[in-house]
Amino acid sequence: MPTRTAPSLATLILLTSISVLALNMFLPALDAIASDLNAPYTLVSLSLGGYLALSALLQLVLGPLSDRYGRRPVMLWGMAVFTIASLGSALAVDVWSFLAFRMVQCVVGAGMVLSRAVVRDTAPPEEAARILALIGTVMALAPLLGPILGGALTELFGWRANFHVFALMGAVVFVLTWADLGETNLTPSASFGAQFKSYPELVRSGLFWAYCACLVFSVGGFYAFLGGAPLVGARLYGLGPGALGLGMGMISAGFMVGNIVSSRLMRRRGSLILMIWGRWVATLGPLVAMFAILAGVGHPVFLFGGAIFVGFGNGLTLPGANAGVLSVAPHLAGSAAGLSAAVTVAGGAALTAIAGWGVTGAFGAEALLILMAATSGLGLVAALAIRRIEARG
51 MPTRTAPSLA TLILLTSISV LALNMFLPAL DAIASDLNAP YTLVSLSLGG
101 YLALSALLQL VLGPLSDRYG RRPVMLWGMA VFTIASLGSA LAVDVWSFLA
151 FRMVQCVVGA GMVLSRAVVR DTAPPEEAAR ILALIGTVMA LAPLLGPILG
201 GALTELFGWR ANFHVFALMG AVVFVLTWAD LGETNLTPSA SFGAQFKSYP
251 ELVRSGLFWA YCACLVFSVG GFYAFLGGAP LVGARLYGLG PGALGLGMGM
301 ISAGFMVGNI VSSRLMRRRG SLILMIWGRW VATLGPLVAM FAILAGVGHP
351 VFLFGGAIFV GFGNGLTLPG ANAGVLSVAP HLAGSAAGLS AAVTVAGGAA
401 LTAIAGWGVT GAFGAEALLI LMAATSGLGL VAALAIRRIE ARG
């Protein structure tokens with residue numbers, strides 16, 4: 051039987067952060083990539099939408115793999131393949147080779163998905179929620195600083211520098227994982243096929259789907275912002291890459307503050323109360339910002355200010371939702387992590403596409419804020435459903 055060796059908090063933070071950076075750090079370079087590879091912007095943008103879609107599918111496999119073979123080997127293989135794919139992207143000579151290697155990069159999602167399962171392996175539900183909140187507090191710096199760093203790298207060294215940095219980060223995290231992460235899954239499943247057969251147990255659980263819905267619509271507000279803010283900021287407000295990168299980081303700043311508040315209130319208030327509070331904040335904030343813009347205050351601070359409330363609300367909601375979805379069936383924590391992540395990322399891919407399509411007109415800012423408020427509101431409905439289901443026992 052494997053020996054449980056819980057990794058340090060720093061290792062879990064890095065495993066999660068690299069997954070987030072791989073998603074958004076290079077976004078300021080999209081125009082440069084399209085120009086250098088002589089490809090249309092819509093094709094190059096598949097490096098985000100296609101990446102998310104494949105990530106959703108991969109999540110379905112990562113969880114069962116880790117439940118069968120262990121968290122450690124799956125994470126190590128994921129970091130190794132990510133490092134190689136990052137080098138391939140940096141050396142790509144045309145858009146098709148770039149997109150191919152970029153799609154392979156999605157294996158880095160193992161870090162985010164399985165770090166949650168590791169926490170669940172080693173801590174009870176309320177403590178797991180507190181640890182996840184602490185991880186989220188520091189991890190929020192990744193999406194906050196990622197676009198700023200990516201924009202600076204692109205301006206100083208060209209777009210390929212982003213992927214050279216990805217490769218370096220992957221190698222460092224691989225070594226750290228090898229040295230610090232022991233196996234935490236003490237009860238591996240008998241076979242990989244048997245692990246997939248466990249999905250019906252999760253699928254039949256109304257509580258599991260309520261937690262999934264809360265995750266999907268909470269994170270959906272972030273993905274909607276990610277898909278629409280670059281276009282709105284550049285075309286409607288005339289923001290340059292530096293200002294746009296800073297503005298896009300505001301949602302992550304709100305998320306970081308929300309995680310700090312969540313980690314301090316978790317033991318006194320409980321995760322479910324904080325989840326509901328977070329959904330109210332994330333719903334009302336964008337609505338207030340939208341009405342301000344409709345009233346004629348056409349300043350980008352309201353767009354990014356509305357996003358701060360979404361980020362703060364997510365910081366209150368996500369630690370409890372992530373811990374809760376893994377606690378529905380503790381013996382299937384890896385599968386629950388994979389399935390919930392797949393549903394969340396698939397929803398994110400859809401909302402990214404919707405945002406990119408819906409914000410092209412003169413009322414793009416208002417449309418984006420409405421989309422963010424609507425998704426957050428649906429997350430509130432899900433959180434209230436969780437309370438009803440748990441009250442019934």
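Be aware that the sequence shown starts at 51, since it is given in this note's numbering, and climbs by one per residue. Quick reminder that beta carbons are idealized off the backbone N, C-alpha and C, glycines included.
Per DSSP, what kind of secondary structure is residue i in: helix, strand or coil?
i: D144; result: coil
i: V111; result: helix
i: V378; result: coil
i: Y287; result: coil
i: P57; result: coil
i: P174; result: coil
i: P52; result: Because P52 carries a pLDDT of 42, less than 50, the predicted location of this residue cannot be relied on, and the following value inherits that uncertainty. Coil.
i: G427; result: helix
i: E233; result: coil
i: V395; result: helix
i: V338; result: helix
i: V347; result: coil
i: G297; result: helix
i: G120; result: coil
Applying the 10 Å Cβ sphere with the 16-neighbour rule, what's the burial state of residue i?
i: W327; result: buried
i: L141; result: exposed
i: G348; result: exposed
i: L419; result: buried
i: W209; result: buried
i: D117; result: buried
i: M51; result: Confidence is the limiting factor: at M51 the pLDDT is only 39, short of 50, which leaves the residue's position unreliable, though a coordinate-based value still follows. Answer is exposed; the Cβ neighbour count stays below 16.
i: V483; result: No statement about residue 483 is possible, as the shown extent of the chain runs from 51 to 443 and does not include it.
i: R285; result: exposed
i: F267; result: buried
i: N372; result: buried
i: R122; result: buried
i: R33; result: Coverage of the chain is limited to positions 51 through 443, which leaves residue 33 absent and any answer about it impossible.
i: N88; result: exposed
i: R442; result: exposed
i: P90; result: exposed
i: P369; result: buried
i: F151; result: buried
i: A84; result: buried
i: R314; result: exposed
i: T53; result: Residue confidence for T53 is low, a pLDDT of 45 falling below 50, so the modelled location carries little weight; the figure read from the coordinates is stated next. Under this definition T53 is an exposed residue.
i: A274; result: buried
i: A160; result: buried
i: V225; result: exposed
In the DSSP assignment, find the unbroken alpha helix (DSSP H) run with residue i in it and report its ends.
i: E205; result: L191 to F207
i: H214; result: R210 to D230
i: V157; result: That residue, V157, is in no alpha helix (DSSP H); it is neither H nor E in DSSP.
i: F413; result: No alpha helix (DSSP H) holds F413; DSSP gives it neither H nor E.
i: S312; result: M300 to R319
i: A274; result: G256 to L281
Less than 7 Å between the beta carbons of residue i and residue j, yes or no?
i: M422; j: G308; result: no
i: L71; j: A192; result: yes
i: S69; j: V158; result: yes
i: F359; j: N212; result: no
i: S139; j: F132; result: no
i: A279; j: L194; result: no
i: M316; j: R170; result: no
i: A339; j: G355; result: yes
i: A391; j: V163; result: yes
i: A399; j: L353; result: no
i: L110; j: G388; result: yes
i: G397; j: F305; result: no
i: L231; j: M153; result: no
i: I301; j: G361; result: yes
i: V375; j: Y261; result: yes
i: T394; j: V269; result: yes
i: A432; j: A183; result: no
i: L324; j: S312; result: yes
i: M125; j: T61; result: no
i: S136; j: F216; result: yes
i: G277; j: G120; result: no
i: G128; j: T402; result: no
i: L108; j: C156; result: yes
Closer than 6 Å to a non-hydrogen atom of the ligand HEM - does that hold for the CB of residue i?
i: A160; result: Among the components of this structure there are no ligands whatsoever, and the ligand HEM is therefore not found.
Can you list, in chain order, the stretches of the alpha helix (DSSP H) that have 4 or more residues and sit fully within the segment 75–104? 80–86 and 91–94
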